[in-house]
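I have placed the structure first, in the form of structure tokens, so that the comments after it can refer back to it.
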Amino acid sequence: MKAETMIRERAETAQGKAATEPCLIVKGLTKRFGGLVAVNNLDLTLKHGEILGLIGPNGSGKSTVMKLIIGLERPTSGSILLDGEEVAGLPSHKIARKGVGLIFQHSRPLQRQTVFENIKLALLPDSLLKLFADPEVDERTRAIAESVGLGTVLDRRPATLPFADLRKLELAKAIARNPGVVLVDEPFAGLTQNEMAAFADLIRKFRAEGRAVLLVDHNVKSVAALADRVIALYLGERVAEGTADEVMRNETVRRVYLGGEIQTHARPEASFRDTEPLLQVKDVSVFYAKAQALEGVSLHVHEREFVSVVGINGAGKTTLFNAIAGFVPFSGEIAWAGAPLCGRSAAAIARGGIVQCPETRELFGELTVRENLDLGGQRLTRAESDEQRSWLFDLFPILKDRQRQNAATLSGGEQQMLTIARALMTRPRLLILDEPSLGLAPVILEQISGALEHLRRTTSITVLLGEQNVTFALPQADRVYVLEHGRFIWEGSPARFAEEMGTGYL
Amino acid sequence: MLGRLVAAPLFWFAVAAVAVAALLPLWVSGYVLGLLTIAYYFGVFSMSWDLLFGFANEVNFGPTFLLGLGAYTAGIVDNRFGLPIWICIVLGTLAAIIAGLVLALPALRVSGPYFSLTTVVAVLILQNLIVVFADLTGGEIGLTVPDVISIDAATNYWLALGFMVVSGAILFTLSRSAVGLILQASGQDKLQAGALGFNVTKHKLVAFLISAFFSGLGGALLVFYMGTASVSALIDVSIGVQIIIAAVLGGRRTIIGAAIGSIFLIGLTEALRPTGELATLIVSIIALLVVLFFPNGFFGMIARRERA
Amino acid sequence: MLSLQILIDGFAVGALYALGATGFTLIFGVSGVLNLSHGALMVAAAVAAWAAGSDLGMNSYAGAAFGIAVAVVLALVTYGFVVQPIQRSRAIRNEEREIFILTATLLWGIIIQELIAYFFTSNAKTVVPIIAGVVDIFGVRTPANEIFTAIVCWLAIALLWLLVNRTRAGKAVLAASMNARGVTLLGIELSWIYIAVWIIYGVLAGLAGVLLGMFLGVSSYSVGPLTGSAFSIVVLGGLGSVTGSLIAAYVVGYIETLTAYLISPAYRFIPSLLLLVAVMYVRPHGLLGRR
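Protein chains in written order, with the numbering used here: chain A, 1 to 506; chain B, 1 to 308; chain C, 1 to 291.
This is how it looks when you write it as structure tokens:
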């Protein structure tokens with residue numbers, strides 16, 4: 001009973017306060033991790049009864065901002081005022097007790113406890129002496145569970161619950177003590193369309209209850225549908241702020257997400273002479289614990305073809321590539337050069353000619369550029385390895401200059417070039433590139449794009465490219481797939497993509 | 001809470017077991033009582049270990065550090081100053097608590113294997129110090145204390161049984177309480193616990209101190225039962241391993257399992273006595289098999305069947 | 001002359017510690033395992049070499065080779081039957097795997113120790129040295145065996161360095177210790193690398209054990225202290241850093257020798273343990289530790 005009165009009171013106060021004081025004021029927030037600037041001089045304000053959306057590609061600092069606000073990371077500089085009180089730099093348990101709740105991106109329930117105990121935990125005081133909770137705690141636990149739709153599963157353990165219920169559990173924990181500010185980190189990842197709608201309703205309820213909501217997600221469309229205001233981040237800085245429509249039409253934002261002008265040099269599919277596609281993916285699904293990352297996807301790549309898979313972060317590109325490369329189990333079929341791929345170890349698949357350049361690059365930081373390359377050429381003879389290496393130095397001249405430098409000391413663009421060069425040292429038949437353009441400046445992107453073009457023209461290599469940046473993905477592509485939320489929603493030529501999807505993509 | 005406790009079948013089973021145990025001196029020889037006395041003390045050591053591991057998720061590879069300090073401090077104070085036994089015991093326990101604090105400080109700053117490393121190092125240091133300051137500690141031969149609590153096997157037995165039951169009750173209640181829930185969260189997911197408003201450091205520190213208290217008190221009591229203390233009996237790493245294995249055998253995070261595992265292990269060692277030198281070998285092999293193939297221990301297997 | 005004596009003895013002791021610690025660090029750096037049966041492997045190698053000499057009548061060289069072979073076999077058994085089952089077990093949570101491996105290898109070490117004591121008694125044994133006699137170095141009379149020990153240790157370490165830094169296979173191992181996934185992406189099977197590393201570890205531990213057997217002698221009681229000192233050295237130097245282990249080995253070797261000569265042999269372990277405590281408090285990741 002007390003909880004409901006509190007909520008009603010807050011909603012009324014919020015409506016009264018609506019246009020006046022913000023409850024969260026962030027000024028000049030900066031966070032450096034060594035040399036990397038994750039958040040740069042960010043300002044934002046948040047009012048009661050408002051949903052503020054934070055969007056931006058991977059690495060733009062969205063999650064870091066959330067962690068800074070709730071105290072899981074300490075800011076390098078800047079101020080965070082919560083209801084007029086400075087909280088920047090306080091430990092998370094103190095900030096949480098002042099009325100901030102965080103719904104984590106990845107569900108992290110206590111596996112050995114029931115749903116009831118998980119929610120009850122959130123209601124306990126931070127006391128060593130209180131051995132047993134007050135009886136009303138049990139009542140409130142039940143009430144909260146009912147309000148998010150978990151009333152029927154209170155005695156079950158998290159391992160037995162479906163994915164959507166686990167997300168609801170995270171939500172219940174975060175709002176248990178009635179925080180005025182709710183931080184929501186990537187709520188929609190892994191949910192079906194229906195589940196997303198239900199979740200969105202719950203978030204709208206927060207707003208109606210007068211809470212201040214900060215929402216972060218990759219899925220720009222979903223954020224746009226919920227948020228009153230949106231801030232776009234890129235490389236830790238604010239690049240646009242306004243209503244959802246305003247931000248999405250903003251030039252800089254579109255460039256960051258889509259890149260610039262789109263050019264295409266596609267070869268028609270009929271021009272590829274193989275009878276059976278070199279790589280055939282049929283009806284593949286992948287589950288990470290409960291979350292469905294891929295749902296019945298099918299694609300094919302012909303020998304010498306250059307295929308781009310376009311999709312935002314979290315759409316499932318990495319999962320797809322990891323399934324092909326043998327790093328995650330999948331259901332469905334993947335055939336390579338006519339033979340099924342399953343049952344082979346990842347290293348065996350790589351030896352068979354499929355080499356992946358993952359998003360995380362996986363370079364050997366303490367080895368030099370040259371040593372990294374030589375490791376790629378392990379299975380070639382000395383002569384072949386030398387020849388391949390000098391060919392790659394022609395393709396990426398900067399690597400030749402830096403050949404005696406440790407890989408960890410290279411710039412982002414140089415590291416990406418090294419990743420691609422090292423993969424090419426193995427003389428692969430299929431080269432898989434996962435988001436190579438991430439975090440790189442346009443100048444570097446042009447160099448890499450040029451290298452890819454050279455590859456395409458002069459060698460018989462087959463390329464599968466996964467990208468968010470459409471300008472980078474399209475120029476070399478012969479065909480394009482669009483991946484959204486684990487499913488392919490479009491396939492066709494780059495030219496048609498530019499016509500049909502260009503504007504609607506974002 | 002009390003209502004639910006009285007309703008649980010496990011509670012009555014435990015009460016029955018304790019009642020039977022309390023009546024054992026009527027039928028059983030002094031020798032068996034002696035074995036069980038030691039088993040009960042080691043039961044407390046294992047239960048303390050389980051609290052720290054199962055709940056705070058800190059692996060103490062040197063539980064003998066705390067109990068050894070408690071035992072030797074109590075013994076040395078008795079030897080040197082001839083103070084009454086109960087004062088020696090209090091001092092021993094205090095020494096162990098201070099040691100627990102000292103051990104906790106680096107532990108709470110580091111993660112991963114480094115804490116476990118610290119605990120092993122602590123045991124090594126204690127071992128070496130005891131050997132070096134032999135005139136104070138009796139060195140490798142061991143320390144003899146002039147006083148014992150009692151020479152009557154039954155009295156000692158009941159004292160040990162009582163100590164184990166009370167400690168077990170306290171530790172078990174703690175593990176199932178609200179504070180226990182917070183401890184579990186702190187151990188399983190530090191970040192989440194912080195985001196939910198709990199001062200993880202504070203809770204883990206208290207878990208350490210509680211573990212240190214029971215280990216130290218048990219060690220001090222043990223010294224005045226056995227009348228001696230030595231490295232090979234109390235401090236050697238293999239003793240520490242026995243304590244850990246007992247907890248694993250019984251089932252981690254059950255507290256009671258640790259006590260049962262302890263009794264089982266002492267019983268097993270005794271049963272293997274006729275094999276002479278091979279006893280340690282056989283127990284170690286069994287322990288290794290348990291670790292490899294039955295890591296959830298006795299209670300773990302039961303719990304699994306319950307859930308399935 | 002005392003200072004020269006200390007210098008020489010400390011050098012030999014340090015070299016022996018260095019060889020043992022290098023193997024220990026290698027296994028941790030690549031396989032991620034803190035092998036607490038390390039001391040048992042060393043003692044097993046030494047006892048095997050001794051038994052080869054006294055029971056089987058082999059000469060010193062063959063006996064040494066036999067001891068090393070035994071260590072390699074035990075190392076592979078440790079990997080295949082003690083470590084791998086835990087790494088693969090689905091009943092153990094990921095956070096708990098390391099603890100289980102620590103406990104299991106510790107138990108395995110105890111099992112080996114007890115088997116040695118049972119079959120060969122727990123008396124100390126000295127392996128017949130390969131080189132006998134005494135050498136005079138600037139007035140200090142030193143057993144030739146001691147010099148031989150130091151030289152062989154350093155040769156082994158140098159060979160290992162060459163292997164890891166100058167051969168293709170060795171570089172793959174080095175790369176695997178930095179980034180296991182990177183190595184897989186290039187088509188190199190991790191399982192082969194792990195087996196290779198455990199074999200190398202067996203050779204290093206076996207060699208260190210046999211040399212120790214010739215130099216100071218071993219018994220089944222040596223198992224614990226040997227594991228303990230390798231452990232302390234590796235933690236001091238920084239888990240995973242071979243250079244750190246080498247430096248730490250000499251620091252500890254010299255501190256121990258100094259203490260033994262200047263204060264008393266009984267106290268020789270204390271200062272290095274105190275140093276370890278200091279390091280744990282001030283810099284828990286050791287001198288050159290990575291993580």
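Glycine is no exception: its CB is placed at the ideal position from the N, C-alpha and C atoms.
Within chain B, no C-beta atom comes less than 7 Å from the C-beta of A:Arg304; the nearest is roughly 47 Å away. In the displayed model, A:Asp83 falls within coil according to three-state DSSP, outside both helix and strand. Among the residues facing chain B, C:Gly253 is not included, as its CB has no counterpart in that chain under 8 Å away. The DSSP-derived three-state label of A:His300 is strand. Note that the segment 283-290 of chain A does not touch the segment 265-272 of chain A; fewer than 3 beta-carbon pairs, one per stretch, sit closer than 8 Å.
DSSP, read as helix, strand or coil, puts C:Cys153 in helix. In this chain, the alpha helix (DSSP H) harbouring B:Cys88 covers 85-107. Restricting attention to beta strand (DSSP E) runs no shorter than 3 residues, the segment 107-183 of chain C encloses them at 134-137, 140-143, ordered along the chain.
In this structure the segment 365-385 of chain A does not touch the segment 302-310 of chain A; the number of beta carbon pairs closer than 8 Å is below three. By the Cβ neighbour-count rule, C:Thr167 is exposed, with fewer than 16 other Cβ atoms within 10 Å of its own.
The beta carbon of C:Leu162 does not come within 8 Å of any beta carbon belonging to chain A, so the residue lies off that interface. Put simply, the CB of B:Ala258 is far from chain A, with every gap to its CB atoms at 8 Å or more. Per DSSP, reduced to three states, the secondary structure at A:Ile55 is strand. The C-alpha of A:Pro340 lies about 15 Å from the C-alpha of A:Arg351.
Put simply, the CB of C:Ile86 is near chain B, with a gap under 8 Å to one of its CB atoms. The Cβ atoms of C:Phe66 and C:Ala52 sit closer than 8 Å to each other. Annotation: the segment 179-205 of chain A contains the following complete segments of the beta strand (DSSP E) (minimum length 3 residues), in chain order: 181-185.
For the pair of segments examined, the segment 68-79 of chain B was found to touch the segment 220-227 of chain B: the number of CB pairs separated by less than 8 Å reaches three.
Annotated three-state conformation of A:Thr459 is coil, per DSSP.
For C:Ile130, the closest alpha carbon among the candidates C:Thr149, C:Ser60, C:Ile111, C:Leu7 is that of C:Ser60. Nearest CB-CB separation between C:Ser89 and chain B: below the 8 Å threshold. Counting only runs that start and end inside the segment 427-457 of chain A, the beta strand (DSSP E) elements of at least 3 residues fall at 430-434.
Counting only residues of its own chain and dropping the five nearest sequence neighbours on each side, C:Phe100 has a CB closer than 7 Å to the CB of Ile86, Ile92. A:Leu299 is not a Cβ neighbour of C:Ala175, given a cutoff of 8 Å.
In this structure, the straight-line span from the alpha carbon of A:Arg427 to that of C:Ile112 is close to 48 Å.
In terms of Cα proximity to A:Ile398, the closest of A:Val253, A:Ala451, A:Ile432, A:Glu276 is A:Ala451.
The criterion of a C-beta distance shorter than 8 Å is not satisfied by A:Arg389 and A:Leu410.
The beta carbon of B:Ser177 sits closer than 8 Å to some beta carbon of chain A.
One Cα belongs to C:Ala208, the other to C:Cys153, and the distance between them is close to 7 Å. Counting along the chain, no beta strand (DSSP E) covers A:Leu150, and no H or E run does either.
Inter-residue distance for A:Leu169 and A:Thr360 is about 31 Å (C-alpha atoms, whole angstroms).
Bounds of the alpha helix (DSSP H) holding C:Leu41 are 38-54.
Contact note: A:Lys130 reaches chain B through Ser177, Ala178, Val179, using a C-beta cutoff of 9 Å and chain order.
Relative to the Cα of B:Gly227, the nearest Cα in the group B:Ala134, B:Asn156, B:Leu249, B:Leu265 belongs to B:Asn156. Between C:Gly240 and chain A, the shortest Cβ-Cβ separation is not below 8 Å.
B:Leu281 and C:Leu115 do touch by the CB rule: their CB atoms are close to 7 Å apart, below 8 Å.
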